[in-house]
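Under numbering that gives the first Met the number 0, the residues of the sequence shown are numbered 0 to 158, in order.
For every residue, glycine included, the Cβ atom is placed at its ideal position computed from N, Cα and C.
Presented below is the structure to which this report refers.
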Amino acid sequence: MPEDFKIIYLADARELVVPLAPLFIEEWEPYYGRQGPGDAETDLNDCCNRDAIPLALVAIDGDGEIMGTAALKARSIETHRHLSPWLAAMFVVERHRGHGVSAALVAEIEKNALRLGYQRIYVGSRGVTSAMRDSGWTRLDEAESLRGPIEIYVKELVG
Ligand SMILES: CC(C)(COP(=O)(O)OP(=O)(O)OC[C@H]1O[C@@H](n2cnc3c(N)ncnc32)[C@H](O)[C@@H]1OP(=O)(O)O)[C@@H](O)C(=O)NCCC(=O)NCCS
Numbered sequence: 000m001p002e003d004f005k006i007i008y009l010a011d012a013r014e015l016v017v018p019l020a021p022l023f024i025e026e027w028e029p030y031y032g033r034q035g036p037g038d039a040e041t042d043l044n045d046c047c048n049r050d051a052i053p054l055a056l057v058a059i060d061g062d063g064e065i066m067g068t069a070a071l072k073a074r075s076i077e078t079h080r081h082l083s084p085w086l087a088a089m090f091v092v093e094r095h096r097g098h099g100v101s102a103a104l105v106a107e108i109e110k111n112a113l114r115l116g117y118q119r120i121y122v123g124s125r126g127v128t129s130a131m132r133d134s135g136w137t138r139l140d141e142a143e144s145l146r147g148p149i150e151i152y153v154k155e156l157v158g
């Protein structure tokens, strides 16, 4: 990972909404693609908050290039609307994978959740990285998503 890598609020770099949108469309085609119900640019613009959810973080390199992103959202998995908030929309650009970018993003999302008063957060995913398991994320349930079966994980942020 580059030494000058940093994590910023999307709210502080709104110009990144436009280049992030096609990454979301490609990764989550059933939801953000032409036939899907979601609109990537609208969702990203909605995440331009610092002190309220939804908020998105972006990992950028020294040249300001996008390395990855993650968000803290009130809702994520439709079957589990009773749970909130969620680590969601986590994506690392392919050539930067495997170097801890997502681990750094998750840690910052957790800090922001705690700062905003949340005691636990959830994620719906096909699995979590070993770094997440090691840091206390535990499997809670399973669910169906537009991309097939997923697992719900929880992390207690305090106590
Ligand atoms: C899942 C994802 C965010 C991980 O990002 P990352 O920065 O590579 O994560 P880290 O470096 O912190 O951890 C690496 C983990 O990702 C896995 N991984 C997935 N694809 C990888 C790739 N192309 N290269 C290297 N590692 C990869 C590794 O196996 C490793 O898992 P492990 O720790 O259980 O062995 C990234 O692979 C991604 O954007 N995937 C597509 C979107 C997605 O599935 N998002 C999660 C659901 S919201």
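Exercise. For F90, which of helix, strand or coil comes out of DSSP?
Worked result: strand
Problem set entry | Option in P36, A12, R138 and H95 with minimal Cα separation from C47 | A12
Exercise. What do you reckon, are the CB atoms on V91 and G67 nearer than 8 Å?
Worked result: yes
Exercise. When burial is assigned at 16 or more other CB atoms within 10 Å of the CB, is S129 buried or exposed?
Worked result: exposed
Problem set entry | For P148: DSSP bridge partner residues | E143
Exercise. Beta-carbon separation of P84 and A73 under 8 Å?
Worked result: yes
For this session: In the DSSP assignment, find the beta strand (DSSP E) that holds V119 and state where it starts and stops.
Result: Here residue 119 turns out to be Arg, not Val, going by the sequence shown. R119 -> beta strand (DSSP E) spans R119 to S124.
Exercise. Does the distance from the CB of G135 to the CB of K154 come in under 8 Å?
Worked result: yes
Exercise. Are there 16 or more other CB atoms within 10 angstroms of the CB of A51, so buried, or fewer, so exposed?
Worked result: exposed
Problem set entry | Reduced DSSP category for A73 - H, G, I as helix; E, B as strand; rest coil | coil
Problem set entry | E26: CB within 7 Å of a non-hydrogen atom of ligand 1 | yes
Exercise. Which two residues bound the contiguous alpha helix (DSSP H) that contains L43?
Worked result: A39 to D45
For this session: Would you tell me roughly how many angstroms separate the C-alpha atoms of A20 and D62, rounded to the nearest one?
Result: 20 Å
Exercise. Under 8 Å, do A39 and I24 count as touching if we go by C-beta distance?
Worked result: yes
Exercise. With respect to 7 Å, is the separation between the Cβ of G97 and the closest non-hydrogen atom of ligand 1 below this value?
Worked result: yes
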